[in-house]
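Colleague: Okay, handing you the structure first.
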Amino acid sequence: MPDNIKRISSLNRHFFAVSIRRAPPPTPLRSPQNFIFPSVSTMELPEIVDFARKFSVMVRINGPDPKGLKMKNHAFHQYNCGNTTLSASGMLLSQNLQSFFNVIDGRNCENGAVVVTVASIVEPFLSQKSKVPNFQGMPELIPGAQIDVMAEVKEGVEKSEAVDNGHSKWFAARVLRLVDIPASSAAIQSLLEASSGSEHSWEVGWTLAAHVNSPRMDHVQAQENSDLASFSENHRVLIGQKSRNVNMMAMLATRIAVLEIPESLNKDLPEVVISHCNKRGDIILAIGSPFGILSPQHFFNSISMGSVANYYPPKSLEKSLLIADIRCLPGMEGSPIFSQPACLIGILSRPLRQTGGAEIQLVIPWKAIEAACNGLFQSSHQKLGRDGHYTGSFHNAKMATVDYLNCRALPNGIQKLPGSYCSPPLPVEEAMSSVCLITLENGVWASGVLINKEGLILTNAHLLEPWRFGRTTIQSVSNETKMKNPFALYKNTSSLRHRGEEISQVLQSNALQPLDYLHKGHESHQIHQFHRIRVRLDVKNSWVWSDAKVVYVSKGPLDISLLQLESLPHQLYPVKVDMGCPSPGTRAFVIGHGLLGPRCDMLPSICSGVVAKVVKAKKVVPHLSSSHDDSAGDIPVMLETTASVHPGGSGGAIVNSSGHMIGLVTSNAKHGGGTVIPHMNFSIPSATLKSVFIFAKDMQNISL
0 MPDNIKRISS LNRHFFAVSI RRAPPPTPLR SPQNFIFPSV STMELPEIVD
50 FARKFSVMVR INGPDPKGLK MKNHAFHQYN CGNTTLSASG MLLSQNLQSF
100 FNVIDGRNCE NGAVVVTVAS IVEPFLSQKS KVPNFQGMPE LIPGAQIDVM
150 AEVKEGVEKS EAVDNGHSKW FAARVLRLVD IPASSAAIQS LLEASSGSEH
200 SWEVGWTLAA HVNSPRMDHV QAQENSDLAS FSENHRVLIG QKSRNVNMMA
250 MLATRIAVLE IPESLNKDLP EVVISHCNKR GDIILAIGSP FGILSPQHFF
300 NSISMGSVAN YYPPKSLEKS LLIADIRCLP GMEGSPIFSQ PACLIGILSR
350 PLRQTGGAEI QLVIPWKAIE AACNGLFQSS HQKLGRDGHY TGSFHNAKMA
400 TVDYLNCRAL PNGIQKLPGS YCSPPLPVEE AMSSVCLITL ENGVWASGVL
450 INKEGLILTN AHLLEPWRFG RTTIQSVSNE TKMKNPFALY KNTSSLRHRG
500 EEISQVLQSN ALQPLDYLHK GHESHQIHQF HRIRVRLDVK NSWVWSDAKV
550 VYVSKGPLDI SLLQLESLPH QLYPVKVDMG CPSPGTRAFV IGHGLLGPRC
600 DMLPSICSGV VAKVVKAKKV VPHLSSSHDD SAGDIPVMLE TTASVHPGGS
650 GGAIVNSSGH MIGLVTSNAK HGGGTVIPHM NFSIPSATLK SVFIFAKDMQ
700 NISL
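Under numbering that gives the first Met the number 0, the first residue of the sequence shown carries the number 0, and numbering increases by one thereafter.
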């Protein structure tokens, strides 16, 4: 656990000891009032945040843990007098969404409210009976364990009964059901099985959790192993043991817990519109409680913003899993995820983490949760129908909810929409068809950018000659398990300080004759016997594979190479280029095939950020004498952005908000200890590559 988190934990130990006690019976809420919220199409960010906060809650669970085992594989916890407390985030359901859960087991929660959270917070405290695989019914906690939910309440609640600045309060809760999400679980399993080496290097959980040990872990490890010997593999996974079983790993990442609060906190909540059509690049907002129980008054309902990076399956309208480009911290799992127009997208799950420190933030779409609940009802309805205990119809409840999903809230009431909400197309989507996937026979993959209609691909030189750039590739002796890390980064990142001057010198000597420079570079370049190169282009939701050959590899400081497609598809969409110098703070989108391998069959991901720094150099005109103080001005030679760049994203495009390419991704930073820093990365500006684009535009002979 980091030192700063430890300090927070120690400073708030007294607060925790007080807040863990069950809250007194709450004062009944006032009678519900009609609540009209603004149009989803006109809400500004502050309004969206205020809207989303009404649904975000924090969930804590406390119970006896004399051996100090319950907190294992959790990034933070409270441990006091033999009791362990964990926390996560959750979503308080509006009444239209609660209908799905009211009928799963024939229950009616009209006098209470339903909360959805991740199951990982509940599983350590389940009784032995509830850990049985395929357990049906209401889960039971071990004796002495209790679960509570903190929710925002109206200011009218008496301050003596509220905590956290008088606007939030703890409510006792119970676990109604643990629900597996088959569609999302299958999506994660497909990604893990297809990823190169992922079955050995990917795990479910936060990176910080891998470095946290319980206070008594060293003393009880042997006893723990003995206690677990009688459990099946499923049992060991449920209590947090590491498992390489991809199926169980995927199930753990997507399982949710349904809780019930006796108080009707959702009577005053506005209805929620579901966003079913989510595109890469769409802005998303998460509200949760990172490190919540360490100090609820500080961390409750924190905001994080990001975007949709990718989705799975890639060619289906039914998205069963979203990959989010968003910075979240432990404790935010279970957070509701909203789109920019305040429409619900889904629930944040625990991430996938890699040995090198990379994390993939996952979002379970609400539609996948609906489908899972539908499946639960179908099985439980058959049983209840035979017993005669329930005669309601899940279909009726679902249709009532879906009927509302086709509506939107306007200032003067509810108005029908032709369909569920779908975000408008983004300009950056045009650039996605220009970014391709490049694979080599040795298992290496990278990204590339199509720069003309003759099939010329711009990518990095270190893909073909990694040894020249201080990079290495790690290959397995097995053909099935490919690289663990396709591109290591600069071994000595201090060399970056000289690259601006080197690139500047190249530009100064060749800027006046760009075509001659490239042709001479090609003529003097000896084509090595490279591995077979395959390029995949994404053309209108269809994938076209083509062989490619090397036509140019830069021998200077520019980390670029050119490939030529040997067969051309009917339609090609070369990237649009912006040759201007971007200003710091300009919105930047990185498009590439980072982190997940080519066998995952993923479309290129989009990660958003800003241009953090533009490194410039003086451009000196050669024919001017040294006595002239005047120069041709500054030229950009390197871009630094805050967007995420992961291994495999090398050679991808950096585009602006208009969808025009402003740079070519080359590398990211790496800590001396080996940890990759994805949000600090380096790219070659498009202005620096002007010679390349002029050559691509004027290229006539494609048989180079």
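Where is the CB? At the ideal position from N, CA and C, for every residue including glycine.
Between which two residues does the beta strand (DSSP E) harbouring Lys612 extend?
Modeller: Ser604 to Lys617
Colleague: Please go through the same chain and pick out, in chain order, the residues whose beta-carbon is closer than 7 Å to the beta-carbon of Thr585, but skip the five residues on each side of it.
Modeller: Val609, Val610 and Asn655
Colleague: Could you spell out where the beta strand (DSSP E) holding Ala144 opens and where it closes?
Modeller: Segment: none, Ala144 is in no beta strand (DSSP E) and carries neither H nor E.
Colleague: By a C-beta neighbour count over all protein chains shown, 10 Å radius and 16 as the cutoff for buried, is Leu316 buried or exposed?
Modeller: Result: exposed.
Colleague: Restricting to runs no shorter than 3 residues, where is the beta strand (DSSP E) found entirely within the stretch 286-374?
Modeller: Within the stretch 286-374, the runs of beta strand (DSSP E) that reach at least 3 residues and sit entirely inside it are, in chain order, 301-311, 320-325, 335-338, 343-347, 351-353 and 358-364.
Colleague: Excluding five sequence neighbours on each side, which residues of the same chain lie with their C-beta closer than 6 Å to the C-beta of Leu207?
Modeller: Ala74 and Pro329
Colleague: Which residue marks the beginning of the alpha helix (DSSP H) containing Pro181, and which one marks its end?
Modeller: Run containing Pro181: Pro181 to Ala193, per the alpha helix (DSSP H) assignment.
Colleague: What is the C-beta distance between Met709 and Ser303, in whole angstroms, given that I count them as a contact (C-beta under 8 Å)?
Modeller: Here the chain comprises residues numbered 0 to 703, so residue 709 is not present and cannot be evaluated.
Colleague: Below 9 Å between beta carbons: does that hold for Phe50 and Ser93?
Modeller: no
Colleague: Using only CA atoms, which one of Ala185, Asp179 and Val121 lies nearest to Ala371?
Modeller: Asp179
Colleague: In terms of DSSP beta bridges, what is Leu713 paired with?
Modeller: For residue 713 there is no data in the structure shown, the boundaries of the chain being 0 and 703.
Colleague: Can at least three beta-carbon pairs, one atom from the stretch 448-460 and one from the stretch 564-575, be found at a separation below 8 Å?
Modeller: yes
Colleague: Return the first residue and the last residue of the alpha helix (DSSP H) that Ser690 is part of.
Modeller: Lys689 to Asp697
Colleague: Restricting to Cα atoms, I'd like to know which of Lys266, Glu639 and Lys618 is closest to Met679.
Modeller: Glu639
Colleague: If Gly136 sits next to Pro261, beta carbons under 8 Å apart, how far is it from one beta carbon to the other, in whole angstroms?
Modeller: Their Cβ separation, rounded to whole angstroms, is 20 Å, which puts Gly136 and Pro261 out of contact at 8 Å.
Colleague: Assign Gln751 to buried or exposed, taking buried as 16 or more other Cβ atoms, counted over all protein chains shown, within 10 Å of its Cβ.
Modeller: Nothing about residue 751 can be reported from this structure: the residues present for the chain run from 0 to 703 only.
Colleague: Along the alpha helix (DSSP H) that carries Pro245, what are the first and last residues, could you check?
Modeller: What sits at residue 245 in the sequence shown is Val, not Pro. Val245 -> alpha helix (DSSP H) spans Val245 to Thr253.
Colleague: Can you tell me where the alpha helix (DSSP H) with Leu44 in it begins and where it stops?
Modeller: Leu44 to Arg52
Colleague: State the Cα-Cα distance for the pair Arg176 and Leu320, rounded to the nearest angstrom.
Modeller: 22 Å
Colleague: Taking the alpha carbon of Ile187 as the reference point, which residue from Ile141, Cys276, Met250 and Gly651 has its own alpha carbon closest?
Modeller: Met250
Colleague: If we call anything under 9 Å between Cβ atoms a contact, is Leu361 one with Ala182?
Modeller: no
Colleague: Does the Cβ-Cβ distance between Leu343 and Leu96 come in under 9 Å?
Modeller: Cβ distance < 9 Å, so Leu343 and Leu96 count as in contact.
Colleague: In three-state terms, what does DSSP make of Ile634?
Modeller: strand
Colleague: DSSP state of Ile719, grouped into three classes?
Modeller: No answer is possible for residue 719: the residues shown for the chain start at 0 and end at 703.
Colleague: Would you tell me roughly how many angstroms separate the C-alpha atoms of Val271 and Pro312, rounded to the nearest one?
Modeller: 25 Å
Colleague: Of the choices Ile359, His76 and Leu284, whose alpha-carbon is the least far from that of Gly204?
Modeller: Ile359
Colleague: Measure the Cβ-Cβ separation of Ala285 and Ile322 and say whether it is below 9 Å.
Modeller: no
Colleague: What is the rounded straight-line gap between the Cα of Gly546 and the Cα of His670?
Modeller: Checking the sequence, you will find Asp at residue 546 rather than Gly. So the two alpha carbons sit approximately 36 Å from each other.
Colleague: In three-state DSSP terms, what is Asn667?
Modeller: In the displayed model, Asn667 falls within a strand according to three-state DSSP.
Colleague: Would Arg535 pass as a contact of Cys606 if the rule is Cβ separation under 9 Å?
Modeller: no
Colleague: Rounded to the nearest angstrom, what separates Ile120 and Asn244 at their Cα positions?
Modeller: Taking the straight line from one Cα to the other gives about 21 Å.
Colleague: Can you name the start and end residues of the beta strand (DSSP E) that Ile547 belongs to?
Modeller: Correcting the residue identity first, residue 547 is Ala in this sequence and not Ile. Element bounds for Ala547: Ser541 to Val552.
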